[in-house]
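**Q** Quick note: to get our numbering, add 101 to the position in the sequence shown (first position is 1). Here it is, the structure, as structure tokens.
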Amino acid sequence: MATQYPSIQSLHRAPYPGDGVYTKTLDDQRDTEDAIVDVVDRQSPADVPRAGLQDATTILRSPEHVRFLGSTLFSLPAAYVALDASKPWLIFWTVHSYDVLGVLLPQEIKNRATNTLLHFLHPSGGFSGGAANSHIPHLLPTYAAVISLAIVGRSGPGGGWERLVSSRQSIYDFFMRCKRPDGSFVVCQGGEVDVRGTYCLLVVATLLDIITPELLHNVDKVIAAGQTYEGGFACSSFSFQDDQRVAMAEAHGGYTSCSIFSHFLLASVQPPKRLESLPESFPVPIDVDSALRWSALMQGEAIEAGGFRGRTNKLVDGCYSWWVGGTFPILEELHRREAEVKGAANGSTSGKIVPVDDDDKDEWTDEPSIHALFNRVALQEYVLLAAQRPELGGLRDKPGKRPDLYHTCNNLSGLSIAQHRLTHTPEEVQKQRDAFKSDKGLPPIKPTTPGGGWKSEDERQAMRREVWANVRAWVEDESASLTVGGQQSCVNTTIPPFNMLDIRLQAFIDHFYGQ
Numbered sequence: 102m103a104t105q106y107p108s109i110q111s112l113h114r115a116p117y118p119g120d121g122v123y124t125k126t127l128d129d130q131r132d133t134e135d136a137i138v139d140v141v142d143r144q145s146p147a148d149v150p151r152a153g154l155q156d157a158t159t160i161l162r163s164p165e166h167v168r169f170l171g172s173t174l175f176s177l178p179a180a181y182v183a184l185d186a187s188k189p190w191l192i193f194w195t196v197h198s199y200d201v202l203g204v205l206l207p208q209e210i211k212n213r214a215t216n217t218l219l220h221f222l223h224p225s226g227g228f229s230g231g232a233a234n235s236h237i238p239h240l241l242p243t244y245a246a247v248i249s250l251a252i253v254g255r256s257g258p259g260g261g262w263e264r265l266v267s268s269r270q271s272i273y274d275f276f277m278r279c280k281r282p283d284g285s286f287v288v289c290q291g292g293e294v295d296v297r298g299t300y301c302l303l304v305v306a307t308l309l310d311i312i313t314p315e316l317l318h319n320v321d322k323v324i325a326a327g328q329t330y331e332g333g334f335a336c337s338s339f340s341f342q343d344d345q346r347v348a349m350a351e352a353h354g355g356y357t358s359c360s361i362f363s364h365f366l367l368a369s370v371q372p373p374k375r376l377e378s379l380p381e382s383f384p385v386p387i388d389v390d391s392a393l394r395w396s397a398l399m400q401g402e403a404i405e406a407g408g409f410r411g412r413t414n415k416l417v418d419g420c421y422s423w424w425v426g427g428t429f430p431i432l433e434e435l436h437r438r439e440a441e442v443k444g445a446a447n448g449s450t451s452g453k454i455v456p457v458d459d460d461d462k463d464e465w466t467d468e469p470s471i472h473a474l475f476n477r478v479a480l481q482e483y484v485l486l487a488a489q490r491p492e493l494g495g496l497r498d499k500p501g502k503r504p505d506l507y508h509t510c511n512n513l514s515g516l517s518i519a520q521h522r523l524t525h526t527p528e529e530v531q532k533q534r535d536a537f538k539s540d541k542g543l544p545p546i547k548p549t550t551p552g553g554g555w556k557s558e559d560e561r562q563a564m565r566r567e568v569w570a571n572v573r574a575w576v577e578d579e580s581a582s583l584t585v586g587g588q589q590s591c592v593n594t595t596i597p598p599f600n601m602l603d604i605r606l607q608a609f610i611d612h613f614y615g616q
């Protein structure tokens, strides 16, 4: 398998192509290439997948990263005042990084984090970026707070989960206040439309069991319209007419991942026997092949250490290890579903068509999975060589940048995606459907408009079963694991599209679905 993903040390380092005209962008690109090459050349090549050299940074310096995270756990440098409205994110980046590294926090710290997060819960619904008596609720910190509570909280008195249970209706009402008539969402009262907010909302609605037809109305159309000619997605789409929308900007890694994640969550609502409360076409399709192509092309060359960039002709950045790399398990599953539909129409049972390595010629063959969408070894080498600060810990954008909590979290999440192979199969979904208990769960959410709810209780239960089954259907293929640097570099498996460990995800969604 290692030969399928060559090390950057074995690849030719060709400079990123220019057009012969000097620009500041090209100058920055050359500076980045030089900085990365300087770091890589000072390291010995990693053994793949055998243990890396102990005197090189081809191993993950977990103890140093744990110390870095600990240095900001109770106090932050003055520069972090700029993130005063992002406090739930600071907690999420920290506790999720600990989870990926396999560090168990003491219960005292978990309790303190839980209490802090609950101070951000706004009386009118949703979570604020800071204390609820001085900040308005916002979709993005609502995601960060809920996922953080899934990590550090628990059921029972003082665990935080019961506060979420009692706040489901107010959170839902906040979501509906953010909803626009065209199906999009503003991120807060008076805020802008942004697909990142839509993604955060759909994750929370999925986990807390507060999905309704009125919440989903036209969301799929807004997301699909954000796909650009390149294949990636823009931040939002503009409506020229009621039935026509167009992407508002260029494709971007963060917007693309949030759009792909959102589309997958929407597709997970519709069971095989379609729901009458949703349109027959729900969710409207996206161009999966185009999104695959764009995402794969965002991976940098050997001279860029195999990192991902967020836009065409822009610099590689460690945060896109997750924001682009994290989409590949989702894209693989969406590709499988499309191939299954096309195969059924053509009388074929093939699940996927993938390229295979051949020294003499290019061939295509039927395979049970897509392995070669991106270079898993190269992405790990970017994280370990270019993004890792070995002496003091923390992970960064690229050499020359300072590490921070955001880049530490997203580099580690991307490292997890590159090491572990996740599958989402119809067999596993059906297994979870069969295990679902429809007589269990929390009371239904009250819609804000007449006719905004499900047409029947049977239909609502069918939706709940499908959502729960799809969330729990991710399975790791341990035979396909690939770790640069050996066991010392291995991290825990994070689950897209939620970006949390499976053990956290299953316990949390089981609680809110009564399973």
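Using N, Cα and C, we set each Cβ at its ideal position, and we do this for glycine too.
Which residues does DSSP list as the beta-bridge partners of Gln328?
**A** Here residue 328 corresponds to residue number 227 of the sequence shown, with the count starting at 1. BP columns for Gln328 point to Phe334.
**Q** Apply the 10 Å Cβ neighbour rule to Leu205 and answer buried if 16 or more other Cβ atoms are within range, or exposed otherwise.
**A** What you label residue 205 is simply residue 104 of the sequence shown in a count that begins at 1. Leu205 comes out exposed.
**Q** Alpha helix (DSSP H) containing Gln533: first to last residue?
**A** Here residue 533 corresponds to residue number 432 of the sequence shown, with the count starting at 1. Counting along the chain, the alpha helix (DSSP H) containing Gln533 begins and ends at 527-536.
**Q** Rounding to the nearest angstrom, what Cα-Cα distance links Ala348 and Gln328 in this structure?
**A** Locating residue 348 in the sequence shown gives position 247, counting from the first residue. Locating residue 328 in the sequence shown gives position 227, counting from the first residue. Cα-Cα distance, rounded: 6 Å.
**Q** Between the alpha carbons of Thr524 and Gly554, how many angstroms are there, rounded?
**A** To locate residue 524, count along the sequence shown from 1; it is residue 423. To locate residue 554, count along the sequence shown from 1; it is residue 453. Rounded to the nearest angstrom, the two C-alpha atoms are 32 Å apart.
**Q** Output yes or no for whether 8 Å exceeds the beta carbon distance between Gly226 and Pro238.
**A** In the sequence shown, counting from the first residue as 1, residue 226 sits at position 125. In the sequence shown, counting from the first residue as 1, residue 238 sits at position 137. Cβ atoms of Gly226 and Pro238: closer than 8 Å.
**Q** Is the beta carbon of Leu493 closer than 8 Å to that of Gly515?
**A** The residue labelled residue 515 in the question sits at position 414 within the sequence shown. The residue labelled residue 493 in the question sits at position 392 within the sequence shown. Not a contact, by the Cβ cut-off of 8 Å.
**Q** Considering Glu617, what are the terminal residues of the beta strand (DSSP E) in which it resides?
**A** With the chain represented from 102 up to 616, any question about residue 617 goes unanswered, as that position is not in the structure.
**Q** Spell out a yes or no on whether the region 420-433 and the region 504-523 are touching, meaning 3 or more CB-CB pairs, one atom from each, closer than 8 Å.
**A** The answer is yes - the region 504-523 touches the region 420-433, with three or more Cβ pairs under 8 Å.
**Q** Where does Lys280 sit, in a helix, a strand or coil, going by DSSP?
**A** If you number the sequence shown from 1, residue 280 lands on position 179. Note: Lys280 maps to strand in three-state DSSP.
**Q** Note down the Cα distance separating Gln345 from Gly354, rounded to an integer number of angstroms.
**A** If you number the sequence shown from 1, residue 345 lands on position 244. If you number the sequence shown from 1, residue 354 lands on position 253. Each residue's alpha carbon lies about 24 Å from the other.
**Q** Under 8 Å, Cβ to Cβ, is there at least one residue of chain B near Ala325?
**A** Here there is only one protein chain, and chain B is not present.
**Q** Just to confirm my understanding: we take Pro380, look at its own chain, exclude 5 residues before and 5 after, and list those with CB closer than 7 Å. What are they?
**A** Position 279 of the sequence shown, counting from 1, holds the residue named residue 380. Here the set comprises nothing.
**Q** In terms of residues, what are the limits of the beta strand (DSSP E) holding Gln345?
**A** Residue numbering aside, residue 345 sits at position 244 when the sequence shown is read from its first letter. Run containing Gln345: 345-348, per the beta strand (DSSP E) assignment.
**Q** Can you tell which of Pro178, Ala183, Lys211, Lys374 has the C-alpha that lies nearest to the C-alpha of Val196?
**A** For the purposes of this step, residue 196 is taken as residue 95 along the sequence shown, with counting starting at 1. Ranking Pro178, Ala183, Lys211, Lys374 by Cα distance to Val196 puts Lys211 first.
**Q** Taking buried to mean at least 16 other C-beta atoms within 10 Å of its own C-beta, is Asn512 buried or exposed?
**A** In the sequence shown, counting from the first residue as 1, residue 512 sits at position 411. It is buried - the Cβ of Asn512 has at least 16 other Cβ atoms within 10 Å.
**Q** With H, G and I counted as helix, E and B as strand and the rest as coil, what does DSSP make of Ile596?
**A** One-based indexing of the sequence shown puts residue 596 at position 495. If DSSP states are grouped into helix, strand and coil, Ile596 belongs with the strands.
**Q** Within 8 Å, do at least three Cβ pairs link the region 525-535 to the region 584-591?
**A** As far as the Cβ criterion goes, the region 584-591 does not touch the region 525-535, which means the pair count is below three.
**Q** In chain order, what residues of the same chain lie with their CB nearer than 6 Å to the CB of Trp190, ignoring the 5 residues before and after it?
**A** As a first step, residue 190 must be located in the sequence shown, where it is residue number 89. Excluding sequence neighbours, Trp190 sits near Ala245.
**Q** By DSSP, does Thr173 sit in helix, in strand, or in coil?
**A** In the sequence shown, counting from the first residue as 1, residue 173 sits at position 72. Correct three-state label for Thr173: coil.
**Q** Going by the beta-carbon positions, is the gap between Phe609 and Leu316 smaller than 8 Å?
**A** To locate residue 609, count along the sequence shown from 1; it is residue 508. To locate residue 316, count along the sequence shown from 1; it is residue 215. Their beta carbons are not under 8 Å apart, which means Phe609 does not touch Leu316 by this criterion.
**Q** Any contact of the region 540-552 with the region 317-336, i.e. 3+ C-beta pairs under 8 Å?
**A** With a cut-off of 8 Å, the region 317-336 and the region 540-552 do not count as touching, because too few Cβ pairs lie within range.
**Q** So for Gln105, helix, strand or coil by DSSP?
**A** Locating residue 105 in the sequence shown gives position 4, counting from the first residue. In the structure shown, Gln105 sits in a helix (DSSP, three-state: H, G or I).
**Q** Could you give the first and the last residue of the continuous alpha helix (DSSP H) run that contains Cys420?
**A** Mapped onto the sequence shown, residue 420 falls at position 319. Cys420 -> no alpha helix (DSSP H), and no H or E assigned at all.
**Q** Report the three-state DSSP secondary structure of Arg566 (helix, strand or coil).
**A** Along the sequence shown, read from residue 1 onward, the residue named residue 566 stands at position 465. Residue state, collapsed to three classes: helix.
**Q** Within its chain, find whatever has a CB closer than 7 Å to the CB of Pro301; leave out the 5 residues flanking it on each side and keep chain order.
**A** Here residue 301 refers to the residue found at position 200 when the sequence shown is read from its first residue. Residue identity check: residue 301 is Cys in the sequence provided, not Pro. Leu240, Leu241, Thr243, Tyr244, listed in sequence order.
**Q** For Asp295 versus Ser337, is the C-beta spacing smaller than 8 Å?
**A** Position 194 of the sequence shown, counting from 1, holds the residue named residue 295. Position 236 of the sequence shown, counting from 1, holds the residue named residue 337. Closer than 8 Å, so yes.
**Q** Whole angstroms are fine: how far does the CA of Thr215 sit from the CA of Cys591?
**A** For the purposes of this step, residue 591 is identified with residue 490 of the sequence shown, where counting begins at 1. For the purposes of this step, residue 215 is identified with residue 114 of the sequence shown, where counting begins at 1. When rounded, the distance between both Cα atoms is 28 Å.
**Q** Hey, quick one: how far does the alpha helix (DSSP H) through Phe613 stretch, first residue to last?
**A** Residue 613 sits at position 512 when you count from the first residue of the sequence shown. First-last of the alpha helix (DSSP H) with Phe613: 603-614.
**Q** Can you tell me whether Tyr507 is buried or exposed? The criterion is at least 16 other CB atoms within 10 Å of its CB, across all chains shown.
**A** As a working mapping, residue 507 is identified with position 406 in the sequence shown. It is buried - the Cβ of Tyr507 has at least 16 other Cβ atoms within 10 Å.
**Q** Closer than 6 Å by C-beta to Pro469: which residues in its own chain qualify, once you throw out the five before and the five after it? Chain order, please.
**A** The sequence position of residue 469 within the sequence shown is 368, counting from 1. Summary for Pro469: the model assigns pLDDT 45, below 50, so the residue's position carries little reliability; its value from the coordinates is reported in the next sentence. Here the set comprises nothing.
**Q** Taking Cβ positions, are Ala306 and Phe286 nearer each other than 8 Å?
**A** Here residue 306 is taken as the residue at index 205 of the sequence shown, counted from 1. Here residue 286 is taken as the residue at index 185 of the sequence shown, counted from 1. No; because the gap between Cβ atoms is not below 8 Å, this pair is not in contact.
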